[in-house]
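Visitor: Note that the numbering used here has the sequence shown beginning at 21, numbered continuously upward.
Below you'll find the structure I mean.
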Amino acid sequence: MLTIGAIALSSWRNGGPTAPVAAGWDALTAPRSTPKREWSRGAIPHLYQIDPVWATEPYAGGTIGENGCGPTCLAMVYVALTGRTDRGPVEMARLSEDAGFTVDGMTSWELMTVGAAQLGMVGEEMPADAGRVSEALAAGVPIIASVRPGDFTTTGHFIVLAGIDESGRLVVRDPNSRNRSEKTWDIERVLLQCSNLWSFRLA
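Given below as structure tokens:
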């Protein structure tokens with residue numbers, strides 16, 4: 021999913037238009053998300069935009085499977101903070117479209133701030149500082165990152181920074197990859213690929 025700056029469409033942080041990040045996903049091998057019955061407060065579920073349950077639902081001129089990393093990440097954070105099951109990727113995608121946070125297959129960064137506020141959350145930008153990110157995650161604060169081409173995408177993408185393990189490595193929830201979600205990461209390596217970061221809390 022491509023991401024654009026929240027102020028102006030001409031102020032893209034990832035270098036301009038490119039192909040959808042999840043083009044060519046295979047419904048037979050796509051990962052399955054954490055079942056809704058297991059969603060609970062304090063736990064960030066694994067939600068995948070390419071899950072066949074909703075991958076073909078429309079979003080931003082394409083589908084959630086193609087373009088829905090932003091809404092899928094916000095759904096993970098919403099579940100973890102509220103414990104509610106009323107806002108999964110489909111509902112978040114509808115909110116994003118209805119509020120005007122999509123343009124030509126892209127999700128505006130405003131979804132992470134203005135959109136979050138509509139859900140009773142506060143999304144605040146934070147610097148890509150390893151100390152501050154580690155401290156926030158250790159305190160149970162979920163973070164969404166907009167990442168540039170690198171380990172997670174060849175275009176632009178949203179991922180959730182979900183925690184720090186016992187060895188100080190970063191745990192992520194990548195809505196487009198089970199493999200990348202199951203491994204841990206060097207925090208500096210990931211932060212070097214970030215265009216922006218948002219921490220979230222209840223309002």
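The C-beta atom is built at its ideal place from N, Cα and C for all residues, glycine as well.
My understanding is that L94 touches A136, with C-beta atoms under 8 Å, so please give their C-beta distance in whole angstroms.
Guide: So it is a contact: roughly 7 Å between Cβ atoms.
Visitor: With 16 other CB atoms within 10 Å as the buried threshold, where does S187 fall?
Guide: Under this definition S187 is an exposed residue.
Visitor: Short of 7 Å in beta carbon distance, which residues of its chain neighbour D194, apart from the five on each side in sequence? Order them along the chain.
Guide: So the qualifying residues of the chain are F172, I179, R200, S201.
Visitor: CB-CB under 6 Å to E92, same chain, minus the five flanking residues each way: which ones, in chain order?
Guide: Note on residue identity: the sequence assigns Thr, not Glu, to residue 92. These residues qualify, in order along the chain: L67, Q69, P109, P195.
Visitor: Going by beta-carbon coordinates alone, are L222 and G151 separated by less than 8 Å?
Guide: No, the Cβ-Cβ distance between L222 and G151 is not below 8 Å.
Visitor: From the DSSP secondary-structure annotation, give me the bridge partner or partners of C214.
Guide: Note: C214 sits in a beta bridge opposite V167.
Visitor: Just checking my contact of S219 with M146 at CB under 8 Å: how many whole Å lie between their CB atoms?
Guide: Confirmed, about 5 Å.
Visitor: When the Cα atoms are used, what is the spatial distance from A50 to V153?
Guide: Each residue's alpha carbon lies about 30 Å from the other.
Visitor: According to DSSP, is R221 part of a helix, a strand, or is it coil?
Guide: In the structure shown, R221 sits in a strand (DSSP, three-state: E or B).
Visitor: To the nearest angstrom, how far is it from the Cα of K56 to the Cα of P78?
Guide: Going from the Cα of K56 to the Cα of P78 covers about 21 Å.
Visitor: With H, G and I counted as helix, E and B as strand and the rest as coil, what does DSSP make of A43?
Guide: In this predicted model, A43 has a pLDDT of only 46, less than 50, meaning its place in the structure is not dependable enough to derive any value.
Visitor: DSSP three-state call for W74: helix, strand or coil?
Guide: Note: W74 maps to coil in three-state DSSP.
Visitor: By a C-beta neighbour count over all protein chains shown, 10 Å radius and 16 as the cutoff for buried, is L212 buried or exposed?
Guide: Per the 10 Å Cβ criterion, exposed.
Visitor: Quick one: residues in its chain with C-beta nearer than 6 Å to the C-beta of A80, no 5 flanking neighbours on either side, listed in chain order?
Guide: N87, T122, G125.
Visitor: In three-state DSSP terms, what is M126?
Guide: DSSP places M126 in strand when its eight states are reduced to three.
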